[in-house]
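Presented below is the structure to which this report refers.
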Amino acid sequence: MVDADQTFVIVGGGLAGAKAAETLRAEGFSGRVILICDERDHPYERPPLSKGYLLGKAERDSVFVHEPAWYAQHDIELHLGQTVDRVDRAAKTVRFGDDGTLVRYDKLLLATGAEPRRLDIPGTELAGVHHLRRLAHAERLKGVLAALGRDNGHLVIAGAGWIGLEVAAAARTYGAEVTVIEHGSTPLHSVLGPELGNVFAQLHEEHGVRFRFGVRLTEIVGQDGMVLAARTDDGEEHPAHDVLAAIGAAPRIGLAEAAGLELADRAQGGGIMVDERLRTSDPDIYAAGDVAAFPHALFDTRLRVEHWANALNGGPAAARSMLGQDAAYDRVPYFFTDQYDLGMEYSGWAPPGSYDQVVIRGDAGKREFIAFWVKEGRVLAGMNVNVWDVTEPIQRLIRTGAPVDLDALADPHVALDSLA
6 MVDADQTFVI VGGGLAGAKA AETLRAEGFS GRVILICDER DHPYERPPLS
56 KGYLLGKAER DSVFVHEPAW YAQHDIELHL GQTVDRVDRA AKTVRFGDDG
106 TLVRYDKLLL ATGAEPRRLD IPGTELAGVH HLRRLAHAER LKGVLAALGR
156 DNGHLVIAGA GWIGLEVAAA ARTYGAEVTV IEHGSTPLHS VLGPELGNVF
206 AQLHEEHGVR FRFGVRLTEI VGQDGMVLAA RTDDGEEHPA HDVLAAIGAA
256 PRIGLAEAAG LELADRAQGG GIMVDERLRT SDPDIYAAGD VAAFPHALFD
306 TRLRVEHWAN ALNGGPAAAR SMLGQDAAYD RVPYFFTDQY DLGMEYSGWA
356 PPGSYDQVVI RGDAGKREFI AFWVKEGRVL AGMNVNVWDV TEPIQRLIRT
406 GAPVDLDALA DPHVALDSLA
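Sequential numbering from 6 applies to the sequence shown in this note's numbering.
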């Protein structure tokens, strides 16, 4: 039984933290809920930062998880622009970094998220070098893309992952010239493999994006503090007025590491080690969202997922665990993207090397299809491209784990529901 006199502290004011606070109140917790956010903006969702908001199709206020008044209305003690620099597990306190204030907790949730990886090359101090993780980044980049489009300027993007490609699509929509530098052989190789990565390469090339595969940025050249060009390790120099570093994100584990919590292997993505109920190695501390590395029985591995759905669902799951509810967190990973006229949803987990074939249902050339990553006849993951309302049957196929008829899987005339 949770005592009404208890204090639950949430460090991290992103989607996971905000939804955890919401869930605590929805589940009837009447104790103190303290939500600490190191940004001055109220908790917001990140997908619009590289999609609708960046494109000017969504208003700024649309990104926020709740209306500003919601927190006071639900007795959530929201601390904006505050950092936590220490967790004392013995005293069960967190310390504010600005003034040293100590706050005692009965249960603590770390939803500290991730931060952009930085380019370790000369020239990153120039004014035209950007990252995209926070609302302030998106506000700045939105103006940059509009100016590049107006002035026929050049944007160089380091990295052909989801952020890199979504910003490339936005930049071309504004009219900017875009070059993407990617050390791999295709975009999105670590997620989609070479078979489907080429679909996105062709999409962007049709819209005028130039790719340089198999090379890395070595220097950003500037003058008077401004970007002039970007050099790669093959000796080429690419014209650039601005550069976006989109080479991935690293989990923010500093607090957990200093507190002596068990961490996941950095070679496998790192993060804070949690059990199936999102508890860390300290039974009174939990972790959720980008930073949590949780065991997933369905895939027989430990996952750390940096996508919207994991924050949306993981925060509430952690909150219920903090309340003593006994339910494992085993959501099938899910994410989506919108680029030009292509909309896509992906469910599952199938990194290169984990599957033995890719089965296509539909017309990949027209970019209206579903791709299935399969191992020994079992569906590990599915991606629907411009085909809608199929996420539930795809996830059932993944959860079932039973071999399916691959000819039927590839046949658009066979209902997916009949295969699960």
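Glycine is no exception: its CB is placed at the ideal position from the N, C-alpha and C atoms.
Asked, Found
"Quick check: what's the CA-CA separation for Arg336 versus Asp229?", "50 Å"
"Could you tell me which residues DSSP puts in a beta bridge with His135?", "Leu249"
"Do you know how far the Cα of Phe216 is from the Cα of Ala151?", "21 Å"
"Runs of 3 residues minimum, wholly inside the stretch 229 to 304: which ones carry the beta strand (DSSP E) assignment?", "231 to 237, 242 to 244, 247 to 250, 254 to 256, 290 to 292 and 297 to 301"
"Between Ala143 and Tyr76, how many whole angstroms is the CB-CB distance? I'm expecting something under 8 Å.", "Contact flag wrong, Cβ pair sits at about 22 Å."
"Express the C-alpha separation of Ala323 and Ala272 in angstroms, rounding to a whole number.", "25 Å"
"By DSSP, does Phe34 sit in helix, in strand, or in coil?", "coil"
"Which word fits Asp295, buried or exposed, when buried means at least 16 other C-beta atoms lie within 10 angstroms of its C-beta?", "buried"
"Is Ala254 close to chain C, meaning its C-beta is less than 8 Å from at least one C-beta of that chain?", "The question asks about chain C, but that chain is absent: this structure has only one protein chain."
"Is Gly353 helix, strand or coil when you go by DSSP?", "strand"
"Run through DSSP, which three-state label would Trp167 get?", "helix"
"Give the DSSP bridge partners of Trp378, in chain order.", "Val363 and Ala386"
"How about Ile186 and Ile162: are their beta carbons less than 8 Å apart?", "yes"
"In chain order, what residues of the same chain lie with their CB nearer than 8 Å to the CB of Glu242, ignoring the 5 residues before and after it?", "Val226, Ala234, Ala235 and Arg236"
"Would you identify the three-state DSSP class for Ala119, choosing helix, strand or coil?", "strand"
"Take every Cβ of the stretch 396 to 405, pair it with every Cβ of the stretch 345 to 362, and state whether three or more of those distances are shorter than 8 Å.", "yes"
"Apart from the five residues on each side of it in sequence, which residues of its chain come closer than 6 Å, Cβ to Cβ, to Val38?", "Phe13, Ala26, Leu29 and Ile81"
"What would DSSP say about Gly320, mapped onto helix, strand or coil?", "helix"
"Taking Cβ to Cβ, would you say Arg366 is nearer than 8 Å to Asp416?", "yes"
"Applying the criterion that 16 or more other CB atoms from any shown protein chain within 10 Å of the CB defines a buried residue, is Pro127 buried or exposed?", "exposed"
"What do you reckon, are the CB atoms on Val183 and Asp247 nearer than 8 Å?", "no"
"Hey, how far is the Cα of Gly259 from the Cα of Leu414?", "45 Å"
"What residue from Ile403, Arg91 and Glu120 has the CA that sits closest to Tyr110's CA?", "Arg91"
"In the DSSP assignment, what are the bridge partners of Thr306?", "His301"
"Output needed for Ser55: all residues of its chain with C-beta closer than 8 Å, excluding positions within five of it in sequence on either side, in chain order.", "Leu137, Ala143, Trp167, Ile168, Glu171, Val172 and Ala175"
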